[in-house]
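To keep things clear, I will list the structure first and then write my remarks on it.
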Amino acid sequence: MAQEFLKGTILSTVAGLSTVLGAIPLLLFHKHLGEKVIDSLMGMAAGIMLAASAFSLAGPSLEIGGVFRFTIGFLLGAVLVDLMDKYSPHEHFLKGHEGADVKKLSKIWLFVIAITIHNFPEGMAVGISGYTPEALNVAIAIGTQNIPEGAATMVALMNAGYSTPFSLLVTFLTGVVEVIGGVFGAGLILISKKLLSYMLAFAAGAMVFVVSDEVIPETHLRGNERLSTYFLILGFLIMSALDVVLG
Numbered sequence: 007m008a009q010e011f012l013k014g015t016i017l018s019t020v021a022g023l024s025t026v027l028g029a030i031p032l033l034l035f036h037k038h039l040g041e042k043v044i045d046s047l048m049g050m051a052a053g054i055m056l057a058a059s060a061f062s063l064a065g066p067s068l069e070i071g072g073v074f075r076f077t078i079g080f081l082l083g084a085v086l087v088d089l090m091d092k093y094s095p096h097e098h099f100l101k102g103h104e105g106a107d108v109k110k111l112s113k114i115w116l117f118v119i120a121i122t123i124h125n126f127p128e129g130m131a132v133g134i135s136g137y138t139p140e141a142l143n144v145a146i147a148i149g150t151q152n153i154p155e156g157a158a159t160m161v162a163l164m165n166a167g168y169s170t171p172f173s174l175l176v177t178f179l180t181g182v183v184e185v186i187g188g189v190f191g192a193g194l195i196l197i198s199k200k201l202l203s204y205m206l207a208f209a210a211g212a213m214v215f216v217v218s219d220e221v222i223p224e225t226h227l228r229g230n231e232r233l234s235t236y237f238l239i240l241g242f243l244i245m246s247a248l249d250v251v252l253g
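For the sequence shown, our numbering gives the first residue as 7, with consecutive numbering after it.
Encoded structure:
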C-alpha cells in the first residue's frame with residue numbers, strides 16, 4: 007500500500023507540474039500563439055481526458071466494484087464538482103464570473119479558485135490510480151492535457167495585463183493544486199482500499215463534468231468549435247491507442 011501511495015504521489019507531481027511545460031515556450035512566443043491554436047490544443051486535451059476517464063478510471067472501477075459502486079462514485083464526482091462550480095466564486099477569462107458574487111476578491115484570485123475547482127479532481131485521479139495498473143495511463147493523460155492548459159493559462163494571464171513572472175508563478179501553482187489533489191486521493195486509498203472503486207468512479211465523474219461543462223464550452227466561444235471538435239477526436243484516438251500500447 008505504501009508503495010502505491012508513493013507511486014500515486016510521484017505521478018501526480020509529474021503530471022501536475024507539466025503545466026509549466028506549456029507555459030515556458032510562451033515566455034518568448036506567446037504573442038504568436040493564436041486563438042485557433044489554443045482552442046485546438048484544449049480540444050485535444052478534452053479528448054484525452056474523456057478517453058482516460060472511460061478506459062483508465064471508469065473501466066477499472068466497474069471491474070473492481072461493479073455497477074452499483076461505480077454509479078454512486080461517478081454521480082458523486084460529477085455532482086460535487088457541479089456544486090463547487092455553482093457556489094464557489096470564480097472567474098473565467100472568456101466566460102466571465104460564475105458562482106457567488108464576492109466583490110472583495112480580485113479577478114486573479116477568482117481565476118485561481120476556478121483553476122482549483124477543476125484541477126484538484128484531476129490530481130486526485132492520478133493519485134488514486136496509483137493503486138491500479140492504469141496509473142501511468144492516467145498520469146500521461148492528465149500530464150498531456152496540462153501542457154496546453156498551462157499554455158492557455160499563461161496566455162490568458164499575460165493578455166489580462168499581468169507580468170510574465172507573476173503569470174508563470176500562477177501557472178505553476180495550478181500544477182501544485184493537482185499535486186495536492188494527488189496526495190489527498192492517494193491518502194484516502196491508503197486509509198482504506200475499499201474506497202478504490204468508489205474513488206476511481208468519483209474521479210471519472212468529476213473529469214467528465216469538467217470536460218463537458220468547462221473545457222469544451224471554452225473552446226467553442228471564439229468560432230473554432232469545428233476545429234476543436236476534430237482535435238478532441240484526435241485526442242481521444244491518441245489516448246485510446248496509448249491505453250492499448252501501455253496495457
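Where is the CB? At the ideal position from N, CA and C, for every residue including glycine.
**OP:** Quick one: residues in its chain with C-beta nearer than 6 angstroms to the C-beta of LEU23, no 5 flanking neighbours on either side, listed in chain order?
**Re:** The residue labelled residue 23 in the question sits at position 17 within the sequence shown. Excluding sequence neighbours, LEU23 sits near GLY181.
Subject >> CA nearest to the CA of LYS13, picked from LEU86, ILE54, PRO66, GLU140 >> reply: Residue 13 sits at position 7 when you count from the first residue of the sequence shown. When only C-alpha atoms are compared, the closest one is GLU140.
Original post:
With burial defined as no fewer than 16 other Cβ atoms inside 10 Å of the residue's Cβ, what is the status of PHE80: buried or exposed?
Top reply: Start at 1 with the first residue of the sequence shown, and residue 80 comes out as number 74. Buried, because 16 or more other Cβ atoms sit within 10 Å of the Cβ of PHE80.
Original post:
Cβ atoms of SER18 and GLY254: under 9 angstroms apart, would you say?
Top reply: Nothing about residue 254 can be reported from this structure: the residues present for the chain run from 7 to 253 only.
Original post:
What residue range is occupied by the uninterrupted alpha helix (DSSP H) comprising LYS13?
Top reply: Against the sequence shown, residue 13 aligns to sequence position 7. 8-22 is the span of the alpha helix (DSSP H), which, as asked, contains LYS13.
Original post:
What residue does the alpha helix (DSSP H) around SER203 start on, and which one ends it?
Top reply: Translated into positions along the sequence shown, residue 203 becomes position 197. Segment 202-216, the alpha helix (DSSP H) holding SER203.
**OP:** Determine the direct distance from the alpha carbon of GLY49 to that of ILE222, and round the result to whole angstroms.
**Re:** To locate residue 222, count along the sequence shown from 1; it is residue 216. To locate residue 49, count along the sequence shown from 1; it is residue 43. Cα-Cα distance, rounded: 7 angstroms.
Subject >> alpha helix (DSSP H) segments (min. 4 residues) lying fully within the region 112-195 >> reply: 113-135, 141-165
**OP:** Could you check which residue in ILE239, GLY211, LEU233, GLU231 has the C-alpha nearest to that of VAL85?
**Re:** Translated into the one-based positions of the sequence shown, residue 85 becomes position 79. Out of ILE239, GLY211, LEU233, GLU231, GLY211 has the C-alpha closest to the C-alpha of VAL85.
Original post:
With respect to the alpha helix (DSSP H) encompassing PRO66, which residues constitute its N-terminal and C-terminal limits?
Top reply: To locate residue 66, count along the sequence shown from 1; it is residue 60. Per DSSP, PRO66 belongs to the alpha helix (DSSP H) from 65-93.
**OP:** Give the range of the alpha helix (DSSP H) segment to which ARG224 is assigned.
**Re:** For the purposes of this step, residue 224 is taken as residue 218 along the sequence shown, with counting starting at 1. Residue identity check: residue 224 is Glu in the sequence provided, not Arg. From DSSP, the alpha helix (DSSP H) with GLU224 extends over 222-225.
**OP:** Rounded to whole angstroms, what's the CA-CA distance from ALA131 to MET160? Just pull it up for me.
**Re:** For the purposes of this step, residue 131 is identified with residue 125 of the sequence shown, where counting begins at 1. For the purposes of this step, residue 160 is identified with residue 154 of the sequence shown, where counting begins at 1. Roughly 24 angstroms separates the two Cα atoms.
Original post:
Within this structure, are the beta carbons of GLY53 and ILE239 separated by less than 9 angstroms?
Top reply: Mapped onto the sequence shown, residue 53 falls at position 47. Mapped onto the sequence shown, residue 239 falls at position 233. Their beta carbons are under 9 angstroms apart, which means GLY53 touches ILE239 by this criterion.
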